[in-house]
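Quick note on the numbering used here: the sequence shown kicks off at 1 and runs consecutively. Quick reminder that beta carbons are idealized off the backbone N, C-alpha and C, glycines included. Keep in mind that this is a model prediction, so the values were computed, not measured.
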Amino acid sequence: MYDTTNIPEMSDEFSEAHRVLLTYLRAVKCISADDLLEKFSVLSTHFGIDTSKPMEAMRDYIAEINVQIARAHFKIASIRDQETDIQHYVFINTKSDEVIQACTSYTVPELDTIKHLIDSIVNSHDYAYALPYGNAKQQTTTLLKQKASELDLFIRRLVDDGWINLTDQNRLVLSCASLAELSTYLQDRFGVFSVVLCVTVLLLSERNAATLNAQTLST
Numbered sequence: 001m002y003d004t005t006n007i008p009e010m011s012d013e014f015s016e017a018h019r020v021l022l023t024y025l026r027a028v029k030c031i032s033a034d035d036l037l038e039k040f041s042v043l044s045t046h047f048g049i050d051t052s053k054p055m056e057a058m059r060d061y062i063a064e065i066n067v068q069i070a071r072a073h074f075k076i077a078s079i080r081d082q083e084t085d086i087q088h089y090v091f092i093n094t095k096s097d098e099v100i101q102a103c104t105s106y107t108v109p110e111l112d113t114i115k116h117l118i119d120s121i122v123n124s125h126d127y128a129y130a131l132p133y134g135n136a137k138q139q140t141t142t143l144l145k146q147k148a149s150e151l152d153l154f155i156r157r158l159v160d161d162g163w164i165n166l167t168d169q170n171r172l173v174l175s176c177a178s179l180a181e182l183s184t185y186l187q188d189r190f191g192v193f194s195v196v197l198c199v200t201v202l203l204l205s206e207r208n209a210a211t212l213n214a215q216t217l218s219t
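Below, the structure written as structure tokens:
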């Protein structure tokens, strides 16, 4: 989804293990916390890292990497999948105004279509935060004026590039990468907000978010 060529070199105080972990996360872009922990365990064995508390050790390494890459406007963010509620780590560009514009592999009309699809997903009926495939295809038909087969390929490309996911009900939802990377854009544009004590953007209705906030504050 984005260009990572401008990431600065990490300082000499960082170990080779930090560099390997960063390189891996840059390559995969998005990975579940469980899968990343499995990879980190392999890395820990290779580099002799103390893993008596493996999840804590992995989080510490990610936090240390984030300090180094923040000046280049990159971050390893943690977010929960909208459909499965599984925690993921996502390598993102924190300059939200550059995220969509930086996708030079898309034409201007295609970028405009992506923005419209995001609008439709976020503004979906009854806080579903999902767009039926047929509706998405109809919308892209209007904007791109392409053949049906080409529109299917375009939507598939958005899935492959990490913009959206297709649910079992054949609906378009924002991917973990999109939710993490576009969090500031979504909040500024739509007023989407974070649940108390949660660092990720959760696409919930005001009613559900208020309930979660109350539960959090009461604990």
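CB-CB under 8 Å to residue i, same chain, minus the five flanking residues each way: which ones, in chain order?
i, result
"Ser135", "Note that residue 135 corresponds to Asn in the displayed sequence, not to Ser. These residues qualify, in order along the chain: Ser120."
"Ala70", "Thr94"
"Phe154", "Glu110, Thr113, Thr140, Leu144 and Gln146"
"Val152", "In the sequence on display, residue 152 carries Asp and not Val. Answer for Asp152: Lys137, listed in chain order."
In chain order, what residues of the same chain lie with their CB nearer than 6 Å to the CB of residue i, ignoring the 5 residues before and after it?
i, result
"Ser178", "Trp163"
"Ile62", "Ile76"
"Gln187", "none"
"Ala180", "Ala77, Ile79, Val90 and Ile92"
Between the beta-carbon of residue i and the beta-carbon of residue j, is there less than 8 Å?
i, j, result
"Leu25", "Met58", "no"
"Ala17", "Gln87", "no"
"Val122", "Tyr133", "no"
"Ile65", "Leu22", "yes"
"Ala43", "Val20", "This sequence places Leu at residue 43; Ala is not what is there. It is a contact, given that the beta carbons lie within the stated cut-off."
Closer than 7 Å by C-beta to residue i: which residues in its own chain qualify, once you throw out the five before and the five after it? Chain order, please.
i, result
"Val173", "Gln82, Glu83, Ile121, Tyr129, Ala130, Ile164, Asn165 and Thr167"
"Phe190", "Val122"
"Lys39", "Tyr24"
"Ala159", "The question names Ala, but residue 159 in the sequence shown is Val. For Val159, where only same-chain residues beyond five positions count, the Cβ hits under 7 Å are Asn165 and Leu166."
"Cys176", "Cys30, Ile79, Asp81, His88 and Val90"
Closest to residue i by CA distance: which of the options is it?
i, options, result
"Arg171", "Leu182, Glu150 and Ile118", "Ile118"
"Phe105", "Glu56, Arg157 and Ser41", "Looking at the sequence provided, one finds Ser at residue 105 rather than Phe. Of the listed residues, the one whose Cα sits closest to Ser105 is Arg157."
"Ser15", "Asp35, His46, Ser52 and Tyr185", "His46"
"Ser41", "Glu56, Ala72 and Val28", "Glu56"
Which residues bound the alpha helix (DSSP H) around residue i?
i, result
"Gln87", "No alpha helix (DSSP H) contains Gln87, which is instead part of the beta strand (DSSP E) from Gln87 to Asn93."
"Leu186", "Ser183 to Phe190"
"Ser175", "Ser175 -> no alpha helix (DSSP H), and no H or E assigned at all."
"Phe40", "Ala33 to Phe47"
So residue i is in the beta strand (DSSP E); what residue range does that whole segment cover?
i, result
"Asn165", "Ile164 to Leu166"
"Phe220", "Past the edges of the chain, shown from 1 to 219, lies residue 220, and the structure says nothing about it."
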